[in-house]
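In what follows, a single structure is set out as structure tokens and then discussed.
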Amino acid sequence: MDMNYCMQCGTRLILRHHETEGDIPYCESCAAFRYPVFNTAVSMIVMNEAMDRIILIKQYGKPTYVLVAGYVNKGEDAEAAAAREVLEELGMSVSSVHFNRSHYYPRTNTLMLNFTVTVREEDAHPNWEVDSWRWFGIEEARANIRPDSLAEIFLNGYLDGGVYPFSP
Ligand SMILES: [Zn+2]
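Structure, rendered in structure tokens:
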């Protein structure tokens with residue numbers, strides 16, 4: 133999903149050496165570097181305030197449970213997007229937001245940011261994007277999250293202490 137043309141004027145981009153960033157796409161007619169463009173999304177582990185239960189949702193007719201997620205708007209802080217998506221999809225007000233980790237998802241050219249958020253309400257009032265929702269205990273949530281999904285990696289990573297092995 134590389135950008136070949138300038139998003140402002142349509143001129144074909146060339147690679148130009150940037151002093152600190154290396155070779156970066158450059159538009160000669162705008163005289164401007166054009167840094168790679170990607171989407172930013174948030175995914176949320178939604179917990180009660182006692183942090184012993186987790187809400188998972190089913191969406192789009194699929195049989196397995198996932199985390200609440202959505203795209204960040206231009207100009208919006210990721211934390212605000214996390215709270216907004218939970219309010220939109222579940223009708224629940226978020227009382228705390230904690231960043232966990234990120235993962236780049238090449239299929240949709242999206243940098244996914246995972247948060248744990250807490251809500252005070254017991255009952256959700258989901259919108260049309262949510263087929264069903266349920267509170268789970270911690271171990272139940274691990275057992276019910278969609279297998280081999282990014283949601284599973286985020287959920288288990290958080291529940292296992294949130295310190296991740298890193299290799300460049
Ligand atoms: Zn241009």
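Start counting the sequence shown at 133; every next residue gets the next number (the numbering used here).
C-beta atoms are modelled at their ideal positions from N, C-alpha and C, and glycine is treated no differently.
Please read these numbers as outputs of a predicted model, since none were measured by experiment.
Cα-Cα separation between residue i and residue j, rounded to whole angstroms
{"i": "residue 138", "j": "residue 273", "result": "45 Å"}
{"i": "residue 263", "j": "residue 214", "result": "20 Å"}
{"i": "residue 261", "j": "residue 224", "result": "14 Å"}
{"i": "residue 140", "j": "residue 182", "result": "49 Å"}
{"i": "residue 314", "j": "residue 254", "result": "Coverage of the chain is limited to positions 133 through 300, which leaves residue 314 absent and any answer about it impossible."}
{"i": "residue 153", "j": "residue 236", "result": "20 Å"}
{"i": "residue 295", "j": "residue 192", "result": "32 Å"}
{"i": "residue 203", "j": "residue 256", "result": "21 Å"}
6 Å Cβ shell around residue i - same chain, five flanking residues per side excluded
{"i": "residue 242", "result": "171, 173"}
{"i": "residue 143", "result": "159, 161"}
{"i": "residue 149", "result": "155"}
Own chain partners of residue i with C-beta closer than 8 Å, once the 5 adjacent residues on each side are dropped
{"i": "residue 279", "result": "196"}
{"i": "residue 179", "result": "185, 186, 187, 248, 249, 250, 251"}
{"i": "residue 175", "result": "199, 200, 201, 244, 245, 246, 247, 282, 283, 286"}
{"i": "residue 211", "result": "229, 231, 247"}
Same chain only: Cβ atoms within 7 Å of residue i, ignoring 5 sequence neighbours per side
{"i": "residue 145", "result": "135, 136, 137, 138, 157, 158, 159, 166"}
{"i": "residue 291", "result": "270, 274"}
{"i": "residue 220", "result": "259"}
{"i": "residue 239", "result": "none"}
Cβ distance (whole Å) where residue i is taken to contact residue j below 8 Å
{"i": "residue 186", "j": "residue 200", "result": "The Cβ separation is near 11 Å, so there is no contact."}
{"i": "residue 246", "j": "residue 227", "result": "Actually they do not touch by this definition, with Cβ atoms about 18 Å apart."}
{"i": "residue 222", "j": "residue 265", "result": "6 Å"}
{"i": "residue 289", "j": "residue 232", "result": "7 Å"}
Residue burial classification, residue i (beta-carbon count within 10 angstroms, cutoff 16)
{"i": "residue 217", "result": "buried"}
{"i": "residue 298", "result": "exposed"}
{"i": "residue 147", "result": "exposed"}
{"i": "residue 164", "result": "exposed"}
{"i": "residue 198", "result": "buried"}
{"i": "residue 229", "result": "buried"}
Quiz item: Of all residues in the structure, which have a C-beta closer than 6 Å to any heavy atom of ligand 1, taken in chain order?
Solution: 138, 140, 141, 143, 159, 161, 162
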